[in-house]
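Quick note on the numbering used here: the sequence shown kicks off at -18 and runs consecutively.
All C-beta atoms in this analysis are idealised placements derived from N, C-alpha and C, irrespective of residue type, glycine included.
Note that this is a predicted model, so its numbers are computed, not measured.
Report on the following structure.
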Amino acid sequence: MFTPSLEFEKSIGPRNTLAQKAGITYTGSYPPLTEPSIGTGILLQLAPFYDIQSRWYYNFEKRKAKGKSIENNNGNYLTLRAQYISPEITASFVRYSPHTFKIGPHWGLQRNEGVIHYYFNIGPAYIFDDIGNGAIWPIEFEFRLGWLLKKKNREN
-18 MFTPSLEFEK SIGPRNTLAQ KAGITYTGSY PPLTEPSIGT GILLQLAPFY DIQSRWYYNF
42 EKRKAKGKSI ENNNGNYLTL RAQYISPEIT ASFVRYSPHT FKIGPHWGLQ RNEGVIHYYF
102 NIGPAYIFDD IGNGAIWPIE FEFRLGWLLK KKNREN
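Quick look at the structure:
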């Protein structure tokens, strides 16, 4: 499924970055945050989002020792991820509140092949809305594929 977004990742230390992205995403239903559904089926929504992550890349030295690239933050990382999902464009269910928030620790990897950029995150998240509903989501994952608009060489 194609979900357009723009991401900006800025170095804030030798092994740390701050990554921000905004776009449109498909997400599923989080039962504690949705009204009881009539019928069955997959519950999906299309909604704008904003995501911010503080990433700590822990294997730059190991990659460099093996002759692998760390250019454009090629590496594995641990991150604290926070996300806001705004009112939906369309959905197959009704949320109690149109504003959903997520926060949690994730493990991820990021790679670049030429101008092709991809990464994968996985980890738990606490998901809540602005009227007091919330739940722990044990495993959340994200895969993104994109194009680098600006390449930056990272040698530190």
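Residue 121 sits in a strand when the DSSP states are folded into three classes. Pairwise C-beta distances place the segment 65 to 82 out of contact with the segment 92 to 104, as fewer than three of them are shorter than 8 Å. The continuous stretches of beta strand (DSSP E) do not include residue 47, and DSSP gives it neither H nor E.
Close CB contacts of residue 3 within its chain, under the 8 Å cut and outside five residues either way in sequence, are with -14, -13, 29, 30, 31, 32 (chain order). Residue nearest to residue 126 within the set 91, 51, 77 is 91 (criterion: CA-CA distance). For residue 24, no beta strand (DSSP E) segment is defined, and its DSSP state is neither H nor E. If you draw a 10 Å sphere on the C-beta of residue 116, you find fewer than 16 other C-beta atoms in it, and that means exposed. When the five nearest sequence neighbours on each side are left out, the beta carbons in the same chain lying within less than 7 Å of the beta carbon of residue 111 are those of 78, 80, in order along the chain. Rounded to the nearest angstrom, the gap between the Cα atoms of residue 121 and residue 46 is 32 Å. Note: residue 31 is bridge-paired with 3, 65 in the DSSP secondary-structure output.
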